[in-house]
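Under our numbering, think of the first position of the sequence shown as 303, with each following residue one higher.
A quick write-up on the structure given underneath.
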Amino acid sequence: MHDHDHMHEVGPLYCETPLSVPAAFPVELINTVTSLVPSLFGVLAIVWLWRVGSRRPELYTLGVLAVATGVGSALWHGLRTPLSLALDVFPGVLYFLLFTFLWTHRLGGYRLAVAVPLLLATLVIGLFWLEPSFAPEGPPLAFFVGTALVSFGLIALTYRRDRRAGHLATLMIAAALLAAGFRTIDLATCGLIPFGTHFLWHVFLGAAVYLGVRLLATLKRA
């Protein structure tokens, strides 16, 4: 296990984070390179939308946000500066918010689009209150758990609307859960895997992002 206790800097720490940040780019080689996987999936989503003749700007926006998230993540892992951390976080948060709104709105209109974020916020706050240790470095584990619980209900609603969309939703959430799992256990695996498992967060998150765009495109036709 790497000892990161003496590292005074902003943002989450990973197995690949050195004890003292070198001047050379990239600071975290494997995390930096794999950060571009979501960008690649974002490009694939945009190309797929173009090939099927989609004229839905909100779906292209999700693809662009995925590309921006990957680039921001690469800058964060490559530089580890406050600005690069912001460039990593903001596009990803915007993607999550826009995707959640579009998915819930397709399933149940504005009522569901308002109810689901409120339910998610309540769950996350409740889980964090019950178990404060659910908040390791980075996004709180309570956020991942709360999102998973809410998403199971959304998958059921999606299957009721369209079977193929339901399959895509299941695959998307499975990929997202794998991503969250690998992100969560990263620091616990440093002794076994020197560069940790955070890079698999990038890989599976990219897959989830692509599947999410396909899901929304399918639901529109439902």
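Beta carbons are placed, not taken as given, at the ideal position from N, Cα and C, and that holds for glycine.
Checklist entry - How close, in whole Å, do the beta carbons of R408 and L513 come, if the pair is a contact with beta carbons under 8 Å? => result That belief does not hold up - the Cβ atoms of R408 and L513 are roughly 15 Å apart, past 8 Å.
Next on the checklist: Quick check on I475: does DSSP put it in helix, strand or coil?
Outcome noted: helix
Item to check | Extent of the continuous alpha helix (DSSP H) run through A415 | outcome: 384-432
Checklist entry - When the Cα atoms are used, what is the spatial distance from I495 to R413? => result 46 Å
Next on the checklist: Using the three-state DSSP reduction, which class does T319 fall into: helix, strand or coil?
Outcome noted: coil
Next on the checklist: Suppose the cutoff is 6 Å on Cβ atoms and the five residues either side in sequence are ignored; what does the same chain contact list for R466 look like?
Outcome noted: T520
Checklist entry - Buried or exposed: E318, going by 16 or more other Cβ atoms within 10 Å of its Cβ? => result buried
Next on the checklist: Let me confirm a value: V349 is counted as buried when at least 16 other C-beta atoms fall within 10 Å, else exposed. Which label applies?
Outcome noted: exposed
Item to check | For G374, the three-state DSSP class (helix, strand or coil) | outcome: helix
Item to check | Within 7 Å, strictly: CB atoms of L389 and G374 | outcome: yes
Item to check | Min CB distance F497 to chain B below 7 Å | outcome: Looking at the structure shown, chain B is missing, and only one protein chain is on hand.
Checklist entry - With 16 as the cutoff for other CB atoms within 10 Å, does P525 come out buried or exposed? => result In the structure as shown, the chain begins at 303 and stops at 524. Residue 525 is therefore absent and cannot be evaluated.
Next on the checklist: Comparing C-alpha positions only, which one of G468, G411, A458, P419 sits nearest to G448?
Outcome noted: P419
Checklist entry - Using DSSP with H/G/I as helix, E/B as strand and the rest coil, what is F501? => result helix
Item to check | Contact set for H379: own chain, Cβ-Cβ below 6 Å, skip 5 residues either direction | outcome: E330, N333, T334, S337
Checklist entry - Do the region 471-481 and the region 495-506 touch if we need at least three Cβ pairs shorter than 8 Å? => result yes
Next on the checklist: Only counting the same chain, and skipping five residues up and downstream in sequence, which positions put a Cβ closer than 7 Å to that of A370?
Outcome noted: P393
Next on the checklist: Short of 6 Å in beta carbon distance, which residues of its chain neighbour G508, apart from the five on each side in sequence? Order them along the chain.
Outcome noted: V339, P340, F343
Item to check | Residue burial classification, F484 (beta-carbon count within 10 angstroms, cutoff 16) | outcome: buried
Item to check | Sub-7 Å separation of A444 and F430 beta-carbons | outcome: yes
Checklist entry - Which residues in the same chain as L517 place their Cβ atom closer than 8 Å to its Cβ, once the five residues preceding and following it in sequence are excluded? => result W405, T460, A467, L470, A471, M474
Next on the checklist: Nearest by alpha-carbon distance to L399: which of G498, W352, V416, P314 is it?
Outcome noted: V416
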